[in-house]
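Chains as they are written, first to last, in this note's numbering: chain S, 76 to 416; chain D, 76 to 416.
Even glycine gets a Cβ: it sits at the ideal position worked out from N, Cα and C.
Presented below is the structure to which this report refers.
Number of protein chains: 2
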Amino acid sequence: MANIYAVAKEAKVSVATVSAVVNGTAYVSPQLKARVEAAVHKLGYQPNLLARSLAKQRSHMLGMIVPDIANPFWPEVVRGAEDAAHAAGYTLVLSNTDDDPRKEELYLRLFLAKRVDGILLAKSPGRLSREMAALLGVGRIPLVKLFRARNDLPGDAVLLDDRQAAFEAVSHLVRLGYRRIGMIMGVKEVSTGRRRLKGYRDALEQAGLPFRPELCRPGDYRVQSGYSGGLDLLKLKPDAVFISNYLMAVGFMQAMRQYQIRCPQDVAIVTCDDHPWLDSFAPRLTTVNFPKYTAGAEAARVLVERLANRGRAARTIELRSSLTIRDSCGYALQQAAAQRA
Amino acid sequence: MANIYAVAKEAKVSVATVSAVVNGTAYVSPQLKARVEAAVHKLGYQPNLLARSLAKQRSHMLGMIVPDIANPFWPEVVRGAEDAAHAAGYTLVLSNTDDDPRKEELYLRLFLAKRVDGILLAKSPGRLSREMAALLGVGRIPLVKLFRARNDLPGDAVLLDDRQAAFEAVSHLVRLGYRRIGMIMGVKEVSTGRRRLKGYRDALEQAGLPFRPELCRPGDYRVQSGYSGGLDLLKLKPDAVFISNYLMAVGFMQAMRQYQIRCPQDVAIVTCDDHPWLDSFAPRLTTVNFPKYTAGAEAARVLVERLANRGRAARTIELRSSLTIRDSCGYALQQAAAQRA
DNA sequence: CTGAAAGCGCTTACAG
DNA sequence: CTGAAAGCGCTTACAG
Numbered sequence: 076m077a078n079i080y081a082v083a084k085e086a087k088v089s090v091a092t093v094s095a096v097v098n099g100t101a102y103v104s105p106q107l108k109a110r111v112e113a114a115v116h117k118l119g120y121q122p123n124l125l126a127r128s129l130a131k132q133r134s135h136m137l138g139m140i141v142p143d144i145a146n147p148f149w150p151e152v153v154r155g156a157e158d159a160a161h162a163a164g165y166t167l168v169l170s171n172t173d174d175d176p177r178k179e180e181l182y183l184r185l186f187l188a189k190r191v192d193g194i195l196l197a198k199s200p201g202r203l204s205r206e207m208a209a210l211l212g213v214g215r216i217p218l219v220k221l222f223r224a225r226n227d228l229p230g231d232a233v234l235l236d237d238r239q240a241a242f243e244a245v246s247h248l249v250r251l252g253y254r255r256i257g258m259i260m261g262v263k264e265v266s267t268g269r270r271r272l273k274g275y276r277d278a279l280e281q282a283g284l285p286f287r288p289e290l291c292r293p294g295d296y297r298v299q300s301g302y303s304g305g306l307d308l309l310k311l312k313p314d315a316v317f318i319s320n321y322l323m324a325v326g327f328m329q330a331m332r333q334y335q336i337r338c339p340q341d342v343a344i345v346t347c348d349d350h351p352w353l354d355s356f357a358p359r360l361t362t363v364n365f366p367k368y369t370a371g372a373e374a375a376r377v378l379v380e381r382l383a384n385r386g387r388a389a390r391t392i393e394l395r396s397s398l399t400i401r402d403s404c405g406y407a408l409q410q411a412a413a414q415r416a
Numbered sequence: 076m077a078n079i080y081a082v083a084k085e086a087k088v089s090v091a092t093v094s095a096v097v098n099g100t101a102y103v104s105p106q107l108k109a110r111v112e113a114a115v116h117k118l119g120y121q122p123n124l125l126a127r128s129l130a131k132q133r134s135h136m137l138g139m140i141v142p143d144i145a146n147p148f149w150p151e152v153v154r155g156a157e158d159a160a161h162a163a164g165y166t167l168v169l170s171n172t173d174d175d176p177r178k179e180e181l182y183l184r185l186f187l188a189k190r191v192d193g194i195l196l197a198k199s200p201g202r203l204s205r206e207m208a209a210l211l212g213v214g215r216i217p218l219v220k221l222f223r224a225r226n227d228l229p230g231d232a233v234l235l236d237d238r239q240a241a242f243e244a245v246s247h248l249v250r251l252g253y254r255r256i257g258m259i260m261g262v263k264e265v266s267t268g269r270r271r272l273k274g275y276r277d278a279l280e281q282a283g284l285p286f287r288p289e290l291c292r293p294g295d296y297r298v299q300s301g302y303s304g305g306l307d308l309l310k311l312k313p314d315a316v317f318i319s320n321y322l323m324a325v326g327f328m329q330a331m332r333q334y335q336i337r338c339p340q341d342v343a344i345v346t347c348d349d350h351p352w353l354d355s356f357a358p359r360l361t362t363v364n365f366p367k368y369t370a371g372a373e374a375a376r377v378l379v380e381r382l383a384n385r386g387r388a389a390r391t392i393e394l395r396s397s398l399t400i401r402d403s404c405g406y407a408l409q410q411a412a413a414q415r416a
C-alpha cells in the first residue's frame, strides 16, 4: 500500500505538505493541494493509523472490559459505547472476562501494551493486583468504572441506581400484598450486587417486614445459579421473588417449571433488565428497566471528555431505572379479580 | 512509560538484546538475560505494540463486521470469534453496520487504515463499491465471509446450512399436518435470506403443497418487520408460519397477541435461532438451532489459518443446524390429543 | 553472542 | 507557504 513518501513523490512535494493536506492541519496553496489530492486518489493512499498513533502518542482506541457479551444484558451497553466512541473518533476494543480476575488482568495488560487511550471497566470481583494498579496509575491512563464501582479504584463512574431499582421492585411486590418475598442475589463481591441487596432490605424494612437471610440466595448473573437458587428457595415457599438479573430469572423459571409452580399464581416475580422480547412471552415479566444503551454511550462520552480534560474532578453519574409492570408480579391478576368483585 | 531504550540503558545492553530477550527471538547469555529481565521488571516495561506492529507490518488485529450486536443472534457469534482470536494471539475489533452499506464502507476503510491483518465480514445487502473492492484486493487483505456469502467476494466462508435448516423446519410443520404454511422471510438481498426461502419452497414442493407468494412476507431480521409482516400475514389465515429469525418471531408474537390468536392452537410457529431462555417462557418456541459460538470461532480460526498460509485454495465451511422441538409447533399438543384418543 | 544502524510510516517544530 | 530532518518505539539484517 502506498505510503506518504510515495504520495509526496507523485505530487512532487514534501511529506510535510502531504500530511498538512491530508489532515487539514496547515494552510497549503490551492495548486499544491490539488496536486496532493490527485496523488492521494491516484495511489489510493490510506494513511497508516498505526504510524500516526505512534507519532502522536495517541491510539484513538478505547478498551472495554465486560463479563460476557453473550449475557443479554451487555450487548446494548456495548452498542451504546461503540456508537458514542465512533462518534467521537475512537475505536472500541472489547474483551470478555467471565468475571475471572486473571483474564481481566491479562486483558488490561494487553490494553496497556496496545496503548489504548482509555478504559471502560466493568470490574470483576475483587481488587486489582498491586502491580496492575501501579501500571494503571503510572501510565495515567483514564479509566471509567462501568456499573461496578470500587472505592479503591479512582476515577469517573457511570452507575445504575441499583439500590433504588431493587427498592422499587420489592416495594411494588409489598404493595401487591406479598409478605414472604425472596431474592436471588447478584454477585456480592461487586457493587451492583450489594446495592440491590440493600434496596431489597430497605424495602422490607420500610414495610415492617422481617429480613430472612434464608430467603436470599446467592447468584452470579448466570442461568445456572438462578436455577439452583430457585430449587432451594422454592422449598421455602416464598410468595414472591425479586431476581437480580434476566439470566437468573430464566434459570429460576426452569426451577418453577420443574416443581410445577405457576407464575404469578403461586409465586410472583420481579426481575432486573428489560428486553424487547419480554412482551411476547408468558409469563410477561415485570422488570426494573435499566437504560443500557444510554449507560454505555454515557460511559464512553465521559471517558472521551476525560481524555480532553485530565484536570477536572472525577464524576459519578447514576442513571435512573424505571419499573415496567407486566404480568409476572401478579398485578394483572389482582386487577382482574378486583374487576370481578 | 519506559521504552526499550530505557531498558537497554538500565541493563547496559543494546536494544537488540532487550528485544531478543523480551521476544525470545535469539539466544542471549544467561547473565545478560538476567540483567535485562531485572531492568524490565524494575521499570515496569511493557513493549509498545503499536511500534511493534509498525515495525513488523502486522497489527495482530482482526476486524469484524456484524449488522448489530444488540440483535441476540450476534453476541454468541462474536464471543466465539473473540475467544478464538485471542487464543491465536489476535485482538478483535468490532463494528456494527445496521446493514447499512455506507456504514459498512466506512468501517472497512477504518479497518484498512488501522492495518488489521484480516476481516470477518457479515456482509450488508448489496455489493461492495468498486473502490472498496479494489482497496481490499490491492491490500491483499484476507477476508472471511460470515454467513452471508457472495460470489463477487472471493475468499473463505463459514456458512450456516440455511436451506437445509428451513427445509427441516417446514418439513416438520408439514409432518404435523399443517397445509397452509406462511413465512416471514429474512433479508432477501443476502444469501441467508434467499437460502432459507429456498428451503421453505423445497419443503412445500416435496410435500406436494402449492407455493403461495402471498403467504411469504418480507422481513429484515428486526422486531418491527416481524410485527407488521405478522399483521398482514395473519389476515390470510395460515395454520403455521416459519419465521427466519428470533427478533422477527418476537414481533410476530406481538401481532398474534394483538389479534388474540393463540400459538400453537390457532397458528403454529417454527423459528430460526435458539436461545438459552426459550425453555422458560410460553409458548416454548420450536426452533432451528444454529451453532452460533462455533460459527464465530470457526470463522476466526479460518482467518488465522489463512494469514499463516496465503497460498491455499479458499475454503467454504457449512455448519449444521438442528431442530429443537418444543411447544410452538403444536407437537406436544398433538401428542396429548393422541394420548387421549 | 552482541551492538550500531536502518527502516516501518507517520507528525511536527524549525528554518527559510 | 514549504521542506529537511528528527522523533515516536519497535525489529532485524549485518558486522564483528
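Where phenylalanine 317 of chain S is concerned, the enclosing beta strand (DSSP E) starts and stops at 315-318. The three-state reading of DSSP puts glycine 386 of chain D in coil, since its state is none of H, G, I, E or B. Look at phenylalanine 356 of chain S: its C-beta is under 8 Å from a C-beta on chain D.
Within its own chain, the residues whose Cβ lies closer than 8 Å to the Cβ of arginine 385 of chain S, once the five positions on either side in sequence are excluded, are Arg215 and Pro217, listed in chain order. At a C-beta separation below 7 Å, arginine 292 of chain D has no neighbours in chain S, since its nearest C-beta there lies roughly 17 Å away.
DSSP, read as helix, strand or coil, puts isoleucine 392 of chain S in strand. A direct Cα-to-Cα measurement between isoleucine 79 of chain D and threonine 92 of chain S gives close to 31 Å.
Burial of asparagine 320 of chain S is indicated by the presence of at least 16 other C-beta atoms within 10 angstroms of its C-beta.
By alpha-carbon distance to arginine 337 of chain D, the top candidate from D:Val88, D:Asp402, D:Ala374 and D:Gly274 is D:Asp402. When Cβ pairs closer than 8 Å are counted between the two stretches, the segment 227-247 of chain S is seen to touch the segment 275-283 of chain S, the count reaching three or more.
Cysteine 291 of chain S sits away from methionine 328 of chain S, with the two beta carbons spaced by 8 Å or more. Threonine 361 of chain S is bridged by DSSP to S:Val345. Nearest to serine 89 of chain S by C-alpha distance, out of S:Leu137, S:Val111 and S:Leu360, is S:Val111. Neighbours of isoleucine 344 of chain D across chain S, judged by C-beta separation under 7 Å, do not exist; the nearest C-beta is about 11 Å away. Pairing glutamine 132 of chain D with alanine 130 of chain S, the inter-Cα distance amounts to about 16 Å. With a 10 Å radius around the Cβ and a threshold of 16 neighbouring Cβ atoms, asparagine 226 of chain D comes out exposed. About 20 Å separates the beta carbon of alanine 383 of chain D from that of glycine 155 of chain D, a gap too long to meet the 8 Å contact definition. About 7 Å separates the CB atoms of leucine 322 of chain D and glycine 301 of chain D; that is less than 8 Å, so the two are in contact. When DSSP states are grouped into helix, strand and coil, isoleucine 216 of chain S belongs to the coil group. For glutamate 151 of chain D, the C-beta contacts it makes with chain S under 8 Å involve Ala145, in order along the chain.
Methionine 136 of chain D: member of the beta strand (DSSP E) spanning 136-141, first to last residue. Within the same chain, no residue comes within 6 Å of glutamate 380 of chain D by CB-CB distance, once the 5 residues on both sides are set aside. Residue contact check for valine 325 of chain S against chain D: a CB pair falls below 8 Å.
In this structure, the alpha-carbon of proline 351 of chain S lies about 29 Å from that of arginine 255 of chain D. Taking the Cα of alanine 389 of chain S as reference, the smallest distance to any Cα among S:Pro229, S:Asp348, S:Gln340 and S:Pro313 is reached at S:Pro229. Residues of chain D with a Cβ closer than 8 Å to the Cβ of threonine 166 of chain S are, in chain order, Val168, Leu185 and Lys189.
In this structure, aspartate 192 of chain S lies away from aspartate 143 of chain S, with their beta-carbon atoms at least 8 Å apart. Between the alpha carbons of arginine 269 of chain D and proline 358 of chain D lies a distance of about 27 Å. Looking at the DSSP output, methionine 258 of chain D sits in a beta bridge with D:Cys291 and D:Phe317. Contact annotation, leucine 234 of chain S with isoleucine 392 of chain S: C-beta distance approximately 7 Å; criterion of less than 8 Å satisfied. Arginine 127 of chain S has its alpha-carbon roughly 19 Å from the corresponding atom of leucine 137 of chain D.
Taking 8 Å as the threshold, the shortest C-beta distance from leucine 124 of chain S to chain D falls below it. Within the DSSP secondary-structure output, threonine 166 of chain S pairs in a beta bridge with S:Met136. Flagged as an interface residue toward chain S: methionine 328 of chain D, by a C-beta distance shorter than 8 Å. Not flagged as an interface residue toward chain D: glycine 268 of chain S, since no C-beta distance is shorter than 8 Å.
The beta carbon of arginine 297 of chain D sits closer than 6 Å to the beta carbons of Leu322 from its chain, once the five residues preceding and following it are set aside; these are given in chain order.
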